[in-house]
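Peer 1: Take this structure, written in structure tokens, and hold onto it; I'll ask about it next.
Residue numbers (this note's numbering), protein chains in the order written: chain P, 450 to 906; chain A, 450 to 906.
Following this line, the structure appears as structure tokens:
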């Protein structure tokens, strides 16, 4: 069989870095969401670009599917080998290759995690701002066009990847972009590969834009009597041009979860969690102007802090939101979905979704990167009860429909993976066919993460 | 002949909006740079997307090349019909279709110019920030991935186009992107079409990101004894995170040109021209902090102003830089080129380029969007002297080579067009082949602005 031949050929060169042990296969067949386990036929651990190219050439010769693996933190089952083949685990390609403080950029291998990069950058006065919560690999973050809490200020991976090295399906190695900050020279292949979920090639190096560590940072929390006031506060803040670094919404149910899980003392109301970056004077001004908006909107309990430990605790709590939500119902499994709409429709989207969740009988706290119009529901289901899972999936389906009806997208940041392929045609219309045409051109044998993103006959 | 058949068929439907008058052909065969005139076989003026689709279908049936035309302000001959065919002039598709103040976005037809859009936005408190100098059409700006003086703060067209409607070569109409601020749903076709110079399809609608008009703005001018100090000031300003709205370099020769052409009173030294946007307090703080850097770097004559008329005059003068430069040598024609490098290499790039220009005997003021690492030389040549033009083109060639040797790009913002096709392989290596593959997939008959961007056999 051709997959077996590919694995045997790879083993001749890579030795014990080709693994078929049950534990390795199980680990690379698992996911953090609700999808059934789906182990690959082998896991391969390349050490450099040449080896990745060799892997691609070998798999191309033997028609063996290739699925890249970062840290496995995808919430849509991106890295599941649904057509078998090999999982290419990038964890050993974990070097920061170059940091230029003067140019405020860095080149890294795809297995470097965002926390590892920021640890390495600490002494330089720079940081990499994109923060999806999980300590994901940067290759994975680029592949899913990740964003998170800081996108309102610093953009998404789309905005922070200057260039890539990519191994194509046939093993060719290309470089996209340059180290210049901008270019008008040719098609934007960097943007084409960012968000392509491993379906067009394997990312083997990233050149990333860095930011200067802000001179001052402060965090704030405030509560509102109703979520409309919270969301209107966000809209007004953005319209006034206050350059928030983070502005996160949590509903009353999520506030309760933080109290129970993280020992917070939030009133059981909708909240905004905030962070301001800038000079000391501008951070103070931002907090003051924001405070005025909160007062106008009837918000209360506006507390702000410049103490680093308060800030760290706040965002640690926020990053553990999924665990906090899950703790509301011991033993529950979570069905997480995200949607993103024009901000003028955000209050409607949240209202309709909350009503929908309430009618379902499930618990489902809502939280979101509301500065982008993006929010998540975390639906809690009994894993032993398939009906509950179906109710949750139906809710997620209606959220996707709602996003499209409001001129938005079925996923602001989690990606398509296994869960949202069915919405691609509805969201993109004939443009989805163009995506399929591009896929066929770059991956004529349909070996790169097959079954994801597009449908190939 | 097939082009003639296409024109005859189009005339049956579009009547006198298909023009073959000499004046129309000459106008659409001209360019603002040094390329020889190259009139199309006809000029067509569509009024809406359906007509553009009809034009594409008709041309597809008869193998007639299609070249889009915005305002003709390209500096690299993008819109020249080098393989004949029709020029599709978008100037009658000039409607602002929708403005959402709450979402800070707008949808426009491709013939709307940036000044027309900003005039229409004035009452909303919003503006569209991208400013390449010329009053270009927004379709043309998207097609060339334009940027200009404000990119250091607001990015380029890459960052400010949320979505597009595009007519493909065969007449299919697709939409890319959504009105959501971010998405992880599929390949980034918006970014693929932005900067594709009309070679993949015809843009018929753009959804643009808008900005709030700053509460306060101020402008500043300062002089330096040498250009290295000016450029080091820029690097330090960016590293300190001062959010400049504009930071423009002009060399001593350009300062002389402004004095002669615009009645300025610049000392004959390198200068930085600046603009700050923000709240009143933050603009004052930015100017103060910037002033401290200037003092550290030995800059002098730091003048700043919050008077709108001073600001308007400053940027009007900057926008007329090409005319000012040309006035240094009456009767001269200009050869303008741009290059963009990592900012750590900018001082080297400017130094080597100035030495190269000095050795050539030509006049060639330098100015640039130095916050991006991007600068231009404006070489003045006698149109009656082909040797001078060749000297200028050779200089431009060495600038391109220099950009590549320094890890940069042969064009930061002017694009490839006629002038820089020869550098595509050197800049992109095998990635250029991938661009060609994508071109063949989307435009199998090679009818969309043929001869540009890629080479198709």
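Glycine included, every Cβ here is placed at the ideal spot set by N, Cα and C.
Decide if residue 458/A is buried, meaning its Cβ has at least 16 other Cβ atoms within 10 Å, or exposed.
Peer 2: The residue in question, residue 458/A, is buried, as its Cβ has 16 or more Cβ neighbours within 10 Å.
Peer 1: Whose CA, out of 495/P, 797/P, 649/P, 690/P, lies closest to the CA of residue 467/P?
Peer 2: Here the closest residue by C-alpha is 495/P.
Peer 1: What is the residue span of the beta strand (DSSP E) that residue 547/P lies within?
Peer 2: Per DSSP, the unbroken beta strand (DSSP E) holding residue 547/P starts and ends at 545-549.
Peer 1: From this set, 672/A, 540/A, 573/A, which residue's C-alpha is nearest residue 705/A's C-alpha?
Peer 2: Here the closest residue by C-alpha is 672/A.
Peer 1: So is residue 802/A in contact with chain P if we call contact Cβ pairs under 8 Å?
Peer 2: no
Peer 1: How many angstroms separate the CA atom of residue 711/P from the CA atom of residue 662/P?
Peer 2: 28 Å
Peer 1: Can you check whether the CB of residue 656/P is closer than 8 Å to the CB of residue 626/P?
Peer 2: yes
Peer 1: Kindly indicate which three-state DSSP category residue 888/P falls into: helix, strand or coil?
Peer 2: helix
Peer 1: May I ask you to verify whether the region 857-871 of chain P touches the region 604-624 of chain A, counting CB pairs closer than 8 Å and requiring at least 3?
Peer 2: no
Peer 1: Can you list the residues of chain P that residue 623/A reaches, using a CB-CB cut of under 7 Å?
Peer 2: Those are 878, 879, 880, 883, listed as they occur along chain P.
Peer 1: Rank 668/P, 539/P, 680/P by C-alpha distance to the C-alpha of residue 747/P and give the top, closest one.
Peer 2: Relative to residue 747/P, the option among 668/P, 539/P, 680/P whose CA is nearest is 680/P.
Peer 1: Where do the ends of the alpha helix (DSSP H) carrying residue 835/A lie?
Peer 2: 835-854
Peer 1: Taking 6 Å as the limit between beta carbons, can you name the residues of its chain near residue 501/A, skipping five residues before and five after?
Peer 2: 495, 616, 651, 653
Peer 1: Can you list, in chain order, the residues of the region 846-880 of chain A whose Cβ is nearer than 9 Å to any Cβ on chain P?
Peer 2: The region 846-880 of chain A vs chain P, Cβ under 9 Å: 852, 853, 855, 856, 857, 858, 859, 860, 861, 862, 863, 864, 865, 869, 872, 873, 876, 877, 878, 879, 880.
Peer 1: Within the continuous beta strand (DSSP E) that includes residue 535/P, where are the two ends?
Peer 2: Residue 535/P -> beta strand (DSSP E) spans 535-538.
Peer 1: Nearest CA to the CA of residue 950/P: which residue from 646/P, 754/P, 622/P, 628/P?
Peer 2: Lying before the first or after the last residue shown, residue 950/P is absent from chain P, which here runs from 450 to 906.
Peer 1: Please compile the residues from chain P whose C-beta is within a distance smaller than 8 Å of the C-beta of residue 677/A.
Peer 2: Among the residues of chain P, none has a CB under 8 Å from the CB of residue 677/A; the nearest is roughly 14 Å distant.
Peer 1: Thinking C-alpha only, which one of 753/P, 722/P, 684/P is nearest residue 701/P?
Peer 2: Among 753/P, 722/P, 684/P, the Cα nearest to that of residue 701/P is on 722/P.
Peer 1: What is the DSSP secondary structure of residue 870/P, counted as helix, strand or coil?
Peer 2: helix
Peer 1: For residue 738/P, tell me which candidate among 845/P, 689/P, 771/P has the shortest Cα-Cα distance.
Peer 2: Put simply, of 845/P, 689/P, 771/P the residue whose alpha carbon is nearest the alpha carbon of residue 738/P is 689/P.
Peer 1: Please name the residue, chosen from 677/A, 809/A, 848/A, 815/A, that lies closest to residue 837/A on a Cα-to-Cα basis.
Peer 2: 809/A
Peer 1: Mind pulling the chain P residues with CB within less than 7 Å of residue 823/A?
Peer 2: Ordered by position in chain P, the residues that pass the 7 Å Cβ test against residue 823/A are 631.
Peer 1: So with CB distances below 9 Å, who are the chain A contacts of residue 644/P?
Peer 2: 632, 633, 634, 635, 636, 637
Peer 1: Looking only at its own chain, which residues have a Cβ that is under 8 Å from the Cβ of residue 521/A, when we skip the five neighbours before and after it?
Peer 2: 476, 477, 479, 480, 481, 528
Peer 1: Would you mind sorting residue 564/P into buried or exposed? The rule is 16 or more other CB atoms within 10 Å of its CB.
Peer 2: exposed
Peer 1: Whole angstroms are fine: how far does the CA of residue 568/A sit from the CA of residue 545/A?
Peer 2: 11 Å
Peer 1: For residue 497/P, I'd like the list of residues in its chain whose CB is within less than 6 Å of its CB, leaving aside the five on either flank, ordered along the chain.
Peer 2: none
Peer 1: Between the region 558-583 of chain A and chain P, which residues of the former have CB atoms less than 7 Å from a CB of the latter, in chain order?
Peer 2: none
Peer 1: Quick one: give me the first and last residue of the alpha helix (DSSP H) that residue 779/A is part of.
Peer 2: That residue, residue 779/A, is in no alpha helix (DSSP H); it is neither H nor E in DSSP.
Peer 1: Taking C-beta pairs closer than 7 Å, name the residues in chain A that residue 531/P reaches, listed in chain order.
Peer 2: Result: empty, since nearest Cβ-Cβ is about 18 Å, beyond 7 Å.
Peer 1: Can you list, in chain order, the residues of the region 722-751 of chain A whose Cβ is nearer than 7 Å to any Cβ on chain P?
Peer 2: 728, 730, 731, 734
Peer 1: Sort 882/P, 511/P, 883/P, 891/P by Cα distance to residue 886/A and report the nearest one.
Peer 2: 891/P
Peer 1: When the Cα of residue 613/A is compared with those of 640/A, 550/A, 595/A, 871/A, which residue comes out closest?
Peer 2: 640/A
Peer 1: Beta-carbon within less than 8 Å of residue 776/P's beta-carbon, same chain only, minus the 5 sequence neighbours each way: which residues are those?
Peer 2: 706, 709, 710
Peer 1: Looking at the structure shown, is residue 517/P part of a helix, part of a strand, or coil, going by DSSP?
Peer 2: Shown here, residue 517/P sits in a strand according to DSSP, grouped into three states.
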